[in-house]
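**Student:**
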Amino acid sequence: LDTAEATPIQSEAWGLLLRADPPDAVLVSPTGSGKTLAYLLPVFAALAPEDYCTDSPQVHPRALVIAPTRELGMQIAAVADTIVNRVSGRMVRGEWGTQWSVLCAVGGSPLGAQQAKLLSVRPDVLVATP
6 LDTAEATPIQ SEAWGLLLRA DPPDAVLVSP TGSGKTLAYL LPVFAALAPE
56 DYCTDSPQVH PRALVIAPTR ELGMQIAAVA DTIVNRVSGR MVRGEWGTQW
106 SVLCAVGGSP LGAQQAKLLS VRPDVLVATP
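Per the working numbering, residue 6 is the first one in the sequence shown, and the count goes up by one each step.
1. Taking the DSSP output, what are the residues bridged to ALA68?
2. Which value, in whole angstroms, describes the spacing of the CA atoms of ILE14 and VAL33?
3. When DSSP builds the beta bridges, which residues end up paired with LEU108?
4. Pairs of beta-carbons, one from the region 109 to 117 and one from the region 37 to 55, closer than 8 Å: are there three or more?
5. Closest to ALA9 by C-alpha separation, out of ASP26, GLY39, LEU21, would be which residue?
Okay, structure coming up:
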């Protein structure tokens, strides 16, 4: 995330996905062009702090990212965790201490342990694979 300016796919995606009523979108761009950040930042923008209350019985997860492979799912979750760590303890939309949670549930891992973690963590963003 150490980037000074948006890549072309990010600029294009953010122009669409950060609207008040974003359209469905498919992002197509070469590997390493910034697609993950192109869709994750709008996801976190939609999880605005003013809509979040730790005492609220909200439905979790609030966002689902489906990845085709275990490796890609883990990479996406790592980027999402980096975003969360950068934002935590900072003011976002007038609120301090935003703390979102991210969980990665991937095929090939014990199902029971992943289900237990999903229920205990109640992630805002769930990154999952088949």
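The beta-carbon is built from N, C-alpha and C at its ideal position, and this holds for glycine as well.
**Tutor:** Checking against the coordinates, here is how it stands:
1. ALA68 is bridged by DSSP to VAL130.
2. Computed Cα separation, rounded: 8 Å.
3. Its beta-bridge partners are LEU131.
4. Verdict: no, contact absent.
5. The residue with the shortest Cα to Cα distance from ALA9 is GLY39.
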